[in-house]
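Report on the following structure.
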Amino acid sequence: MKIPILPPGEIARRAVQAKESIKVAKQTRNVAKATDRTIKKAFGIEEQKKSKPEHGQQIFVFNHLQKNHVVYSLTRSMNNNAALAQLPFNGKKSVPAAIRKDLWHPFAQIRFPPGAGTIGLSAFQKLREYRKRHELEWGTEITLGEDGKHKSLKERGKALCDQRANSVADMALVLSRLAPAPLEDGVETREEREKNIGLIGEGSGTQVEILWNNMYDAESAEKWADNVVHAPMPAPTPSGGKRLLKKREIAALIRGEIAAKKELYEALDEKRIELERDRQESGIEVSAEQLEQEEAERRAEIAERLEEMKLEFRVDERNAFLEAEKKAEAAAKYARQVALEQRRVGADTFQGTPEEVEAAARAAAVAAGIVSQSPPSFGTSYTIPSTKTKSPASKVANESLQQAVLDPVARQAKKQAARDLYFKRQAEQAERKANDPEWYEMVKAEGMKRKAEKGLLAA
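If you read the sequence shown in our numbering, its first letter stands for residue -16, the second for the next number, and so on.
Written out as structure tokens, the structure is:
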């Protein structure tokens, strides 16, 4: 297929168009962000800013599913160039051209306490140094097989790529150097302790947590120091998964609370029925005062148990979360509407409460000539002036944008006008009914007759 050659004028036009599109997109994004902050401030929603961990506070270890390569990273996602730089050349096709993320999976995650980023960076350096030594300094276990014969080149390369067990042993060694030396009567017992390996924080007693994808991988090391805590790695959640899990947890709590209340009321009812049955069989008569006292005790027991349920099923926390979700959804919906109106009107960021924001948006729309100053009456809508566009596609997009901006306002005005008309008719009908009962009876009879004719009522 022959590629058509564009004339220089067309190339220049497309370049200018692309530049303008990028500029408009940036302006729209900035306006949307500013509007979102304004709306959240107006609705009283505080932005929860999560503090990022210090550089070096976390070390992520990845493992290749087929060759058992091990790669260390300071970021949660693998970087192609940084990962390839850690893979040694152990023969033909031992180093891929690019990282395939479907063949790599999280192996472990090393967490250092806050403020220990320098210690984490030093440990990261030592782990990479030790793995490099494993790849360059090896003995007969790599060259000779179990029968004492030399391995083939392919087998030796495969054995050198498999650094899974060695990496676990390296982690145990490096992290054990952070543990404090045992003391006895103020004197260090390990006088012949190995020389300092150049690890920052050595002997400082820094507590380290390791999250394993498979807890059995930790058994590859002979021993672990007391300053290392092992835990399973949490399952990954998709985008928005934490909110989804929180909503599922709240739904489970609500179901548990409903079941507990039902069980409580059923148990109290059974207790009361059994007590009444015993009294009837024994012929004991109970006074009204005693019955009132028992009912008061029953209500007090119910109130006490309900208070316990509030703590057990975290009612206050649930209500706060649901209220925050409701506010966030309302603010997001309102922010989108105002952002569209700002983009159409070309006004600056609106400030103030939601009512003030709406008033400012309406005033800007009136000033731009998009809508009339007086609100529309029932049965009418805002008029959108015709705009000249360069192409039919841009014209359709412009009309769709205007309709998306003005439709919510017009619908709200229609609803309010219909509501006012309904209340007005109801008031007139009530006044005439009070002044002229005969008219009301006549209207009522006519209505019954029409319903009977339609077959809704028996004639």
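Every residue, glycine too, gets a C-beta built ideally from N, C-alpha and C.
The continuous stretches of alpha helix (DSSP H) do not include Pro(-13), and DSSP gives it neither H nor E. Residue burial annotation: Arg12 is exposed, with fewer than 16 other C-beta atoms found within 10 angstroms of its C-beta.
Taking the Cα positions, Asn302 is about 19 Å away from Ala286. Rounded to whole angstroms, the gap between the alpha carbons of Gly184 and Leu127 is 39 Å. With a beta-carbon spacing of about 5 Å, Leu158 and Val211 fall inside the 8 Å limit used to define contacts. In this structure Gln92 does not touch Val53 by the C-beta definition: roughly 13 Å separates them, more than the 8 Å allowed.
The beta strand (DSSP E) runs lying completely inside the segment 187 to 218 and spanning 3 residues or more are 191 to 195, 211 to 215, given in chain order.
Rounded to whole angstroms, the gap between the alpha carbons of Asn179 and Leu161 is 11 Å. For Ala242, the closest C-alpha among the options Leu289, Lys229, Trp207 is that of Leu289. Every unbroken stretch of the beta strand (DSSP E) spanning 3 or more residues and falling wholly within the segment 13 to 76 is given here in chain order: 41 to 47, 53 to 56.
Counting only the Cα atoms, Val(-1) lies some 53 Å from Gln146. At a Cβ-Cβ threshold of 7 Å, Leu143 and Asn73 count as neighbours. Between Arg255 and Met292, the alpha-carbon positions lie close to 22 Å from each other. In this structure, DSSP gives Pro79 a state outside helix and strand, which the three-state scheme calls coil. Between Lys109 and Leu182, the gap from beta carbon to beta carbon is short of 7 Å. Using a Cβ-Cβ distance cut-off of 8 Å, the segment 103 to 122 and the segment 201 to 209 are not in contact, since fewer than three pairs of beta carbons, one from each stretch, lie closer than that value. The alpha carbon of Asp85 has as its nearest neighbour, out of Pro97, Glu278, Ser60, the alpha carbon of Ser60. For His117, the enclosing alpha helix (DSSP H) covers residues 100 to 119.
Phe95 and Gln40 do touch by the CB rule: their CB atoms are close to 5 Å apart, below 8 Å. Under the three-state reduction of DSSP output, Ala400 falls in the helix class.
Under the three-state reduction of DSSP, Ala435 is assigned to helix. Approximately 12 Å separates the beta-carbon atoms of Asn62 and Ala81; this is outside 8 Å, ruling out the contact. Secondary structure of Ala91 (DSSP, three-state): strand.
For Leu127, the pairing in a beta bridge is given by DSSP as His133.
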